[in-house]
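First the structure, in the form of C-alpha cells, and then the observations on it.
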Amino acid sequence: MFHIVQYRPLITQKSLSRMYLKLMFSRPVSFAEIWKSWFSSHSLVGNKNIILMGPPGAGKTTVGRIVGQKLDCPVIDIDDNVLETTWNMSVSEKLQDVGNEQFLEEEGKALLKFSASGSVISLTGSNPMHSAAMQHMKKNGIVVYLDVPTPVILSRLKSMKVDRIVGQSPGISLKDILQFRKQFYKRWYDIRVLCGGDIATEVAEKVLDALKKYQNSELETFISTRSSTSGRSVEKDPHKYFSDVVTEGLAPDGGLFVPKRGLPKFTAGEWQSLIESTYIERAQVILERCIHPADIPASKLAEIIGTAYGENFTCSKIAPVRHLAGNQFLLELFHGPTASFKDFALQMVPHIFAYCIPRSCNYLVLVATSGDTGSAVLDGFSRLHDADRQRIAVINFFPEDGVSKIQKSQMIGCQKENAWSIGVKSDFDFCQTAIKQIFTNSDYTGFLTVEYGTALAAANSINWARLLPQIVYHASAYLDLVHQDIIPFGSPVDVCIPTGNFGNVLAALYAKMMGIPIRKCICASNENNVLTDFIRTGVYDLRGRKIIPTFSPAVDILKSSNLERYLHLIANEDGQLVTQLYNQLENQGHFQLQKDLLKKLQQDLVAGWCSEEDCLAAIHSVYSTTGYILDTHTAVAKVVADRLQDRTCPVIISSTAHYSKFAPAILRALRIAEIKQNPLSQLHLLSSYSPLPPVHWGLLETLKKTGNDDHQICAADMSMLMSHIETLIQNHFM
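To convert, note that position 85 of the sequence shown is 85 in UniProt numbering; the numbers rise steadily by one, no gaps.
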C-alpha cells in the first residue's frame with residue numbers, strides 16, 4: 001500500500017464528545033456548530049489532505065506544487081507518484097494497453113490502496129469517475145474543484161498537443177467528453193475555485209483563500225442592521241450563522257440580518273467564466289459563495305437548486321431575457337409554478353429551511369403578502385418531503401380586500417395540509433407589522449415553544465435566504481446579454497424594477513456589489529409612491545398616507561422593509577443610526593436622511609411612479625406594437641423606464657408576474673370585452689382570444705380547484721391573529 005503520513009494535531013472521539021456535551025448543555029446546538037468549533041481551533045490543513053480535482057489541463061499538478069510549498073507539506077501527483085509507480089509504466093502506455101473502461105477500473109484500484117495525511121494531492125482528470133476510489137479519498141481530504149471553462153481547457157490541451165483523453169472514443173469530441181465529466185466533478189467537491197484564464201500562482205492563492213474560508217466559518221457570520229459593534233460580548237450577542245438567520249428570520253432587536261463582512265466579490269474573469277453556463281449552474285456557483293458549506297454543503301445545495309428549478313419551471317432557461325424594443329429588455333420572472341418572481345426564492349427556501357432547522361422542534365412559518373408571495377410560499381412549503389411537512393407548517397396573512405380576485409383565489413387554491421391562508425381585514429402594512437411584533441414578543445414565542453414545542457420563523461423578504469436567489473437572476477440577466485452579444489462584458493446596464501418592499505431592488509444592488517456592471521437601479525412605484533419621494537428627497541414620510549388600491553397590488557406598500565438593509569449598507573453599518581431612523585419612523589411616522597447619505601443613495605438609485613391610466617395605456621401600446629402583453633407591475637416599470645432611462649445603455653426591466661394574474665386590468669387595457677367577476681371566467685375569456693399569448697398553466701389549474709370561501713378571515717387585531725396561530729398549531733402539530 002502506498003502510504004504517506006505527516007503528523008498533525010488530531011481531534012479524538014473523546015475530545016469531540018466533550019466539545020459536543022459542553023455546547024449541548026449550554027444552549028441548543030446544531031452539528032454545524034460542532035463542525036465550526038473544531039475547525040476554528042485547528043491549522044489550515046490539520047491531518048487532512050487537500051485534494052485538487054479538475055479536468056485535464058486545469059493545472060492541478062502545478063497548482064498543487066505551489067500550494068504544498070506555501071504550506072510546507074508533502075505534494076503527491078497521482079499520475080506520477082502513484083499510478084506510474086504502481087504500474088511500472090506511463091499512464092498513456094497503460095491506457096493503450098487496457099483500453100478506456102479497464103483503465104478506469106485499474107486507476108480506481110490503485111487509488112483504493114493509496115493513503116496519505118496532511119498532503120496536497122493532485123488527482124488525474126478521470127479519478128472522479130470511480131465512485132469507490134473517490135469515497136476513499138474524501139474520508140481524509142478536502143476536495144477542491146478547479147473549475148476552468150471548457151474553451152480554456154480545449155485551448156490548453158491543443159497547445160499541449162493532447163487530442164485524446166480517458167473515456168473518449170471514436171465519434172466523441174474532446175468537448176463532449178469534458179462536458180460529460182462535469183457531472184462527476186460536481187458530485188465530489190467540497191470547495192469550488194473558479195479559475196478562468198488565471199495563471200497557476202493566482203489559482204494557488206485562490207485555493208488557499210478558499211480553504212481558509214472553508215475552515216473558518218467565523219468569517220461568515222451575520223449581524224443585525226440595528227446592532228452596535230461597540231462593547232458587545234459573546235454571551236450577549238453570540239455569533240449568528242446562515243442556518244441561524246434562516247430559522248430566526250428577524251433579529252431579536254427588531255432589525256434585519258446582514259452578513260458581517262458583506263457579500264463575496266467575483267472578479268471579471270470569474271463572471272466571464274459563467275457566460276456559457278446554464279441558469280442552474282450560475283445559481284450553484286453564486287450561492288456557494290454566499291452560503292458556508294458548514295451550513296449547507298455544496299452537494300446538498302446542488303440538490304436543493306436542482307429540485308427548485310428543475311421540473312417546476314416551464315421555461316428551460318428559467319429566467320429568460322427577451323428583447324422588447326429599442327434598448328429595453330424584459331427579464332421574465334414568471335415561469336415558475338405560481339407565475340411570479342417570488343417562485344425563484346420560494347421554490348428553494350423551504351428546502352433550505354428544512355435542512356437548516358434542528359429536528360427536535362416543530363416550526364410554524366409566518367408570512368405576510370401583498371399578493372404574489374402568498375401563493376408562492378404556500379406552494380413551496382407544500383412541496384417538501386412528507387416528513388418535513390409533518391414538522392413544518394406555514395400561515396399566509398393577506399389583506400382580505402387588498403389583492404386581486406385571481407391572486408386571492410390562487411392563495412386559497414394553494415392551501416395544503418401544512419399550508420394555510422388567512423385574510424386580514426386591513427392592508428399589507430398591518431400584516432407585515434403584526435408579524436414583526438409577534439416575532440419580537442418573547443413572552444408569546446416562548447409560550448408557543450414551551451406549550452406546543454413549536455418555534456416561529458419568517459418567510460417574507462425580511463428573511464435573508466429570500467434575497468439570495470434574487471441576486472442570481474439579476475446577475476444571470478446581465479450574463480445573458482453578454483452571451484447574446486448585445487454588450488461586451490464590462491459594459492454597464494440599468495435595471496428597472498417595480499418596487500414595493502424593496503427586496504428585488506436590493507438584490508440587484510447586491511449583484512452590483514458582487515461585480516455585475518449595473519449602473520443605476522430604477523425604482524418604479526405606482527400611486528403608493530412613498531419610495532419615489534424618499535429617493536428624490538431623502539424624506540421618508542408616512543404621515544397622513546394610506547395605501548391606495550391599484551392595478552399593481554404587489555407594490556401597494558408604504559413601509560418598505562428591505563430598505564433598512566440598504567440604509568445600513570450606505571451608513572457604513574452604523575446600527576445606531578439605523579435604529580434611530582426606524583424608531584423615529586415608528587413613533588413619528590417619518591425620518592430624513594443626512595445629505596451625505598442621500599448623495600450615496602442617489603448614486604445607485606433613481607425613482608419614478610406611474611398612474612393607473614398610464615399603466616393601462618402602456619399595456620395597450622406594447623401589445624399593439626409588439627404583440628407582447630405586460631402584466632400591470634411590468635407596465636409600471638416600463639412607463640418609469642421610458643421617462644427616466646437615458647438610452648445610453650441597455651435597460652433590463654424586471655417582468656415580475658404573468659399577465660394572466662391580473663386579467664380584469666388586462667381585459668380593460670386591451671379593450672376586449674365586458675369583465676366577468678369570476679376569476680376562472682376571466683382566465684377563460686383571455687384564453688378564448690387566440691392572438692393573445694397563453695395564460696399561465698399553473699394559475700389555470702389552481703383556480704379550477706378552488707372556491708372563494710375556503711379560507712379563514714381575521715379582524716385587524718393582534719390578539720385575534722395570535723389566537724388563529726395557536727389554533728392552527730394545535731390542529732397540525734398536536
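By construction, the Cβ of each residue, glycine as well, lies at the ideal position given by its N, Cα and C atoms.
- Scanning the stretch 79 to 142 for uninterrupted beta strand (DSSP E) segments of 3 residues or longer gives 114 to 116 and 120 to 122, listed from N- to C-terminal end.
- Between Ala319 and the set Phe334, Ala511, Gly326 and Thr307, the nearest pair of CA atoms involves Phe334.
- Per DSSP, reduced to three states, the secondary structure at Phe439 is helical.
- Taking the Cα positions, Gly374 is about 45 angstroms away from Ala132.
- Look at the beta carbons and you see the stretch 347 to 355 touching the stretch 299 to 309: at least three pairs across the two are nearer than 8 angstroms.
- As computed with DSSP, Tyr145 is found in a beta bridge with Met53 and Arg192.
- When Gly371, Val394 and Asp372 are compared, the shortest CA-CA separation from Ser382 is found for Val394.
- Comparing alpha carbon positions, the residue from Val505, Val640, Tyr279 and Val63 closest to Cys195 is Val63.
- With respect to His136, Leu104 sits apart: the two C-beta atoms are not nearer than 9 angstroms.
- Approximately 5 angstroms separates the beta-carbon atoms of Val377 and Ala459; this is inside 8 angstroms, confirming the contact.
- In the DSSP assignment, Ala455 is bridged to Tyr363.
- Closest in alpha carbon position to Gly500, among Asp372, Asn583 and Ser723, is Asp372.
- Within the same chain, no Cβ atom closer than 7 angstroms to the Cβ of Lys408 is found once the five residues on either side in sequence are excluded.
- According to DSSP, Ser421 shares a beta bridge with Asn396.
- Comparing alpha carbon positions, the residue from Lys161, Leu178 and Thr86 closest to Pro128 is Leu178.
- Here the alpha carbons of Ser122 and Gly99 stand approximately 23 angstroms from one another.
- Approximately 6 angstroms separates the beta-carbon atoms of Ile522 and Ala641; this is inside 8 angstroms, confirming the contact.
- The continuous stretches of beta strand (DSSP E) do not include Val555, and DSSP gives it neither H nor E.
- For Asn463, the CB contacts under 6 angstroms within the same chain, skipping 5 residues up- and downstream, are Gly249 in chain order.
- Per DSSP, His590 is not a residue of any alpha helix (DSSP H); the beta strand (DSSP E) it occupies stretches across His590 to Gln592.
- One alpha carbon belongs to Ile153, the other to Ala339, and they sit about 39 angstroms apart.
- Taking 3 residues as the minimum length, the beta strand (DSSP E) runs contained wholly in the stretch 599 to 634 are 605 to 609, in order along the chain.
- Between Ala665 and Cys615, the gap from beta carbon to beta carbon is short of 9 angstroms.
- Nearest to Lys182 by alpha-carbon distance, out of Glu281, Asp541, Gly262 and Asp427, is Glu281.
- Residue burial is scored here from C-beta neighbours: His385 has fewer than 16 other C-beta atoms within 10 angstroms and is therefore classed as exposed.
- Looking at Ile275, Cys290, Asn47 and Ser243, the one whose alpha-carbon comes closest to that of Met514 is Cys290.
- For the stretch 211 to 295, the continuous alpha helix (DSSP H) assignments of 4+ residues that do not extend past its boundaries occur at 242 to 248, 268 to 272 and 279 to 290, in sequence order.
- The straight-line gap separating the alpha-carbon atoms of Pro553 and Phe428 is approximately 10 angstroms.
- The C-alpha of Ser273 is placed about 27 angstroms away from the C-alpha of Asn49.
- A distance below 7 angstroms between beta-carbons, with the five flanking residues on each side excluded, links Thr221 to the following residues of its chain, in chain order: His239, Lys240, Tyr241 and Lys260.
- Of all C-beta pairs linking the stretch 467 to 483 to the stretch 447 to 456, fewer than three are shorter than 8 angstroms, placing the two stretches out of contact.
- Between Ile142 and Tyr214, the beta carbon gap of about 7 angstroms places them in contact (Cβ cut-off 8 angstroms).
- DSSP lists Gln328 as the beta-bridge partner residues of Ala325.
- Residue environment: Glu93 is assigned as exposed (fewer than 16 neighbouring CB atoms within 10 Å of its CB, all protein chains considered).
- Residue pairing by DSSP puts Lys416 in a beta bridge opposite Ala419.
- For Ile435, same chain residues with a beta-carbon under 6 angstroms away, outside a window of 5 residues either side, are Leu366 and Ala368 in chain order.
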